[in-house]
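If you read the protein sequences in the order shown, they are chains F and C. Position one of the first sequence corresponds to residue 7 (our numbering), numbered consecutively onward. Position one of the second sequence corresponds to residue 1033 (our numbering), numbered consecutively onward.
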Amino acid sequence: NVAQPSVAVAPGPVVQPCPGRIRHFKI
Amino acid sequence: VSPPNPGLGYRALNCDDPESEQAALVAMDYLNKNLFRGYKHTLNQIDKVKVWSRRPTGEVFEMEIDTLETTCHALDPTPVANCSVRSLGEHAVEGDCDFRVLKLDGQFTVLFAKCDSSPDSAEDLRKVCPDCPPLAQLNNTKVVHAVEAALTAFNTQTNGSYFQLVEVSRAQIAYRTRMTYVEFAIAATDCVAKEVTDPAKCNLLAEKQYGFCKGSFTEKGPVNGNEKVAVTCTVFPTQQLPVAAGVDDKEGNTAGEEPQPDNSPVATPPANLPEAPVGSGPLLV
């Protein structure tokens, strides 16, 4: 990504590697 | 200075990585194929994955997996993909599993499996369904009586073999309505149901035929003076079971069961079911 130094770049979404997605529901 | 055990470190893998999911599905398949009591479980969430390199070749996936109980009994040949997950209102049961899965030449093999199962809390059940009865102890006298009545009713009405009880797998008691709901597994014997005089003399068929029943028993009430029993059984085609082992919870009971007050031996198959393997092979605790 290229950004102007004066422009703040919003951090991207943090990817949580684990735990993974819930397929049904959590007890 | 060289790091200790060079090349033996692990790599973290995203829990939702296709490779993690592939290993988890192989692990779940292994689990369900080796269950002989309780209910089949389905994958709910991959908690942790570590991938260790193995010498001389291959990788070992060390995984923690959360599962949920389905409505298919372990002896039911229905593929787990076609089984419904037990709903929260039916008092859901979760499994907490540790697996080690070897990946060698693109093939996954389960090396180790250990699962504990536990029912959802009664508090959670009340939140989603205040009137739903919680799971009951399987040796509760009401449960035992309901199972006996349901099995007798089934054997009385069937024209084929006399069926013996294999295990009580689930029970709920609705005190307000005086109803006891039970689920249990049965097996066919060499006796004809309508001719049985002494069930103790009946033997299981050499080619095992199992079934699964859902029953309800209504006690006599002050107004309603009659007991009522209702039962529906599904008899499965004869099947060759794999040499089996158990999946036990922290209390020493199988998946899907309530903790029992008695100290039943851990991983002891019920009568009429194969014993756990002795010797080499994957370890299933």
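Don't be surprised by glycine CBs; every beta carbon is placed ideally from N, CA and C.
Q | Helix, strand or coil at C/V1125 [DSSP, three-state] | A | Numbered from its first residue, the second sequence carries residue 1125 of chain C at position 93. C/V1125 falls in the strand class under three-state DSSP.
Q. Where does the unbroken beta strand (DSSP E) through C/A978 begin, and where does it stop?
A. Residue 978 of chain C is absent from the structure shown; chain C starts at 1033 and stops at 1317.
Q.
I want to verify the contact list: residues of chain F whose CB lies under 7 Å from the CB of C/D1152, in sequence order.
A. Counted from its first residue, the second sequence places residue 1152 of chain C at position 120. Chain-ordered, the chain F residues with CB closer than 7 Å to the CB of C/D1152 read I33.
Q) What residues in the stretch 1040-1061 of chain C bring their beta carbon closer than 9 Å to a beta carbon of chain F? A) A1044, L1045, N1046, C1047, D1048, D1049, S1052, E1053 and A1056
**Q.** Sequence-distant residues of its chain with Cβ nearer than 8 Å to C/S1052 (five each side left out)
**A.** Residue mapping note: residue 1052 of chain C aligns to position 20 of the second sequence, counting from 1. Within the same chain, C/S1052 has close Cβ partners L1045, N1046, I1078, V1081, F1093 and M1095.
Q.
Quick check on C/V1200: buried or exposed, where buried means 16 or more other Cβ atoms within 10 Å of its Cβ?
A. On the second sequence, position 168 is the one that residue 1200 of chain C refers to. Buried.
Q: Note down, in chain order, every chain F residue with its Cβ under 9 Å from the Cβ of C/D1156.
A: Along the second sequence, one-based indexing puts residue 1156 of chain C at 124. Ordered by position in chain F, the residues that pass the 9 Å Cβ test against C/D1156 are I33.
Q: Identify every run of the alpha helix (DSSP H) within the stretch 1136-1188 of chain C, keeping only runs that are complete inside it and at least 4 residues long; order them along the chain.
A: 1154-1160
Q. Ends of the beta strand (DSSP E) at C/N1076?
A. Taking the second sequence and counting its residues from 1, one reaches residue 1076 of chain C at position 44. Start and end: Y1071 to S1085.
**Q.** Environment of C/G1041 [buried if 16+ CB atoms lie within 10 Å]
**A.** As a first step, residue 1041 of chain C is located in the second sequence; it is residue number 9 there, counting from the start. Exposed, because fewer than 16 other Cβ atoms sit within 10 Å of the Cβ of C/G1041.
Q. Which class does C/V1214 belong to by DSSP, given the choice of helix, strand or coil?
A. Numbered from 1 along the second sequence, position 182 holds the residue referred to as residue 1214 of chain C. Secondary structure at C/V1214: strand, using DSSP grouped into helix, strand and coil.
(Q) Could you check whether the stretch 1222-1235 of chain C touches the stretch 1187-1202 of chain C, counting it as contact only if at least three pairs of C-beta atoms, one from each stretch, sit closer than 8 Å? (A) yes
Q. Between C/V1108 and C/L1067, what straight-line distance do the alpha-carbon atoms span, to the nearest angstrom?
A. Position 76 of the second sequence, counted from the start, is the residue given in the question as residue 1108 of chain C. Position 35 of the second sequence, counted from the start, is the residue given in the question as residue 1067 of chain C. The sequence given here places Asp at residue 1108 of chain C; Val does not occur at that position. Taking the Cα positions, C/D1108 is about 11 Å away from C/L1067.
Q: Keeping to the same chain, check which residues put their C-beta closer than 8 Å to that of C/L1100; ignore five residues upstream and five downstream.
A: Locating residue 1100 of chain C in the second sequence gives position 68, counting from the first residue. Here the set comprises H1073, T1074, N1076, V1117, R1118, A1124, V1125, E1126 and G1127.
Q | Helix, strand or coil at C/L1120 [DSSP, three-state] | A | The count along the second sequence starts at 1 and reaches residue 1120 of chain C at position 88. In the displayed model, C/L1120 falls within a helix according to three-state DSSP.
Q: Let me know the secondary structure DSSP gives C/E1259 once reduced to three states.
A: Reading the second sequence from its first residue, position 227 is the one you call residue 1259 of chain C. DSSP places C/E1259 in coil when its eight states are reduced to three.
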